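Please read the structure below before turning to the comments.
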Amino acid sequence: MSVTTDKKKSAEGGFVEIVKIVVQALLIAVVIRTVLFQPFNIPSGSMEKTLLVGDYLFVSKYAYGYSRHSLPFSPPIGEGRLFGAMPKRGDIAVFKLPTDNSTDYIKRVIGLPGDRIQMMDGVLIINGKPVPKERLDDYVERLSDGQTRRIPRYRETLDNGVSYDVLDMVENGFLDNTPVYTVPEGHLFMMGDNRDNSTDSRVQSAVGYVPFDNLVGRAELLFFSVERGEPAWAVWKWPWTVRWSRIGTSLR
Numbered sequence: 001m002s003v004t005t006d007k008k009k010s011a012e013g014g015f016v017e018i019v020k021i022v023v024q025a026l027l028i029a030v031v032i033r034t035v036l037f038q039p040f041n042i043p044s045g046s047m048e049k050t051l052l053v054g055d056y057l058f059v060s061k062y063a064y065g066y067s068r069h070s071l072p073f074s075p076p077i078g079e080g081r082l083f084g085a086m087p088k089r090g091d092i093a094v095f096k097l098p099t100d101n102s103t104d105y106i107k108r109v110i111g112l113p114g115d116r117i118q119m120m121d122g123v124l125i126i127n128g129k130p131v132p133k134e135r136l137d138d139y140v141e142r143l144s145d146g147q148t149r150r151i152p153r154y155r156e157t158l159d160n161g162v163s164y165d166v167l168d169m170v171e172n173g174f175l176d177n178t179p180v181y182t183v184p185e186g187h188l189f190m191m192g193d194n195r196d197n198s199t200d201s202r203v204q205s206a207v208g209y210v211p212f213d214n215l216v217g218r219a220e221l222l223f224f225s226v227e228r229g230e231p232a233w234a235v236w237k238w239p240w241t242v243r244w245s246r247i248g249t250s251l252r
């Protein structure tokens, strides 16, 4: 056997090993993304100030069990959830938009099956009881032109002790007064924390009640955050554009 042939076989063997390593790495990444954690980024301000545009977070796929929406591209493999667990009121959850079953939305779980949800004069009412709402300092939002604006901010506390901040951009806004929504069996009522800038279950034609099967996972941890409009890959800008104080923030 010639030296040239040996080198050729060695090169071919090395290429095959590289392919094996790449395939194994991809399979591990798919398993982790499907079974354990999936990264998401925030493209809109519907959950301000809890989540900001430019935030990157991990969502736990196992928190509510697994459905077809736990898999990449939501293949049509049947309905139902494996190891299903109902969310707790106040959880921040990612779900597939019911109108197309493909677009990812992230909102807060407000209504569970059988609950009656209503907004009256900007106050959230669950099963006939107003949710306590405490006035806080204004939220100061920095606009794209460098200007700032102040938005009234409140602290809501649910009956299970979960507390979070909500924004009220418009007094007596379109979504501040609603009819009573009775959540159907097997569905959830989702709302954004930025109450006047969130297309959520209050908008029945666009979102409506969210089927339990449409849940993708529960938001757990912010692992990265950059200023609105700044690309995450611009490493040379990180000293000024990364929101360092938000990295590592728990969403539980």
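Under the UniProt record's numbering, the residue at position 32 of the sequence shown is numbered 32, and the numbers go up by one with no gaps. Glycine included, every Cβ here is placed at the ideal spot set by N, Cα and C. These figures come from a predicted structure and were not determined experimentally.
Check your understanding: So residue 41 packs on residue 62, CB below 8 Å; how close in whole Å?
Key -> So it is not a contact: roughly 21 Å between Cβ atoms.
Practice item. Note the first and the last residue of the continuous beta strand (DSSP E) segment covering residue 157. Key: 148–157
Point to revise | At least 3 beta-carbon pairs within less than 8 Å: the stretch 172–187 vs the stretch 135–148 | key: no
Exercise for review: In the DSSP assignment, find the unbroken beta strand (DSSP E) run with residue 257 in it and report its ends.
Suggested key: Not covered by the structure: residue 257. The range shown for the chain is 1 to 252.
Point to revise | Buried or exposed by the 16-neighbour rule on C-beta atoms within 10 Å, applied to residue 99 | key: exposed
**Study point:** DSSP three-state assignment for residue 108, whether helix, strand or coil
**Key:** strand
Exercise for review: Within 10 angstroms of the Cβ of residue 120, are there 16 or more other Cβ atoms? Answer buried if so, exposed if not.
Suggested key: exposed
Check your understanding: Can you list, in chain order, the residues of its chain whose CB lies under 8 Å from that of residue 36, leaving out five sequence neighbours each side?
Key -> 60, 61, 62
Practice item. Buried or exposed for residue 215, please, with buried defined as at least 16 other CB atoms from any protein chain shown within 10 angstroms of its CB. Key: buried
Point to revise | From 52, 193, 127, 112, residue whose alpha carbon lies closest to that of residue 242 | key: 52
Check your understanding: At a cut-off of 7 Å, is residue 203 close to the ligand SAH when judged by its beta-carbon and the heavy atoms of the ligand?
Key -> With respect to the ligand SAH, the structure shown offers nothing to examine, as it has no ligands at all.
Point to revise | Cut-off 7 Å between Cβ atoms - residues of its own chain near residue 134, not counting five sequence neighbours on either side | key: 154, 155
Practice item. Have a look at 109, 130, 237 and flag the residue whose alpha-carbon is nearest the alpha-carbon of residue 191. Key: 109
Exercise for review: Can you give me the Cβ contacts of residue 197 inside the same chain, cut-off strictly under 7 Å, excluding the 5 residues immediately before and after it?
Suggested key: 45, 46, 169
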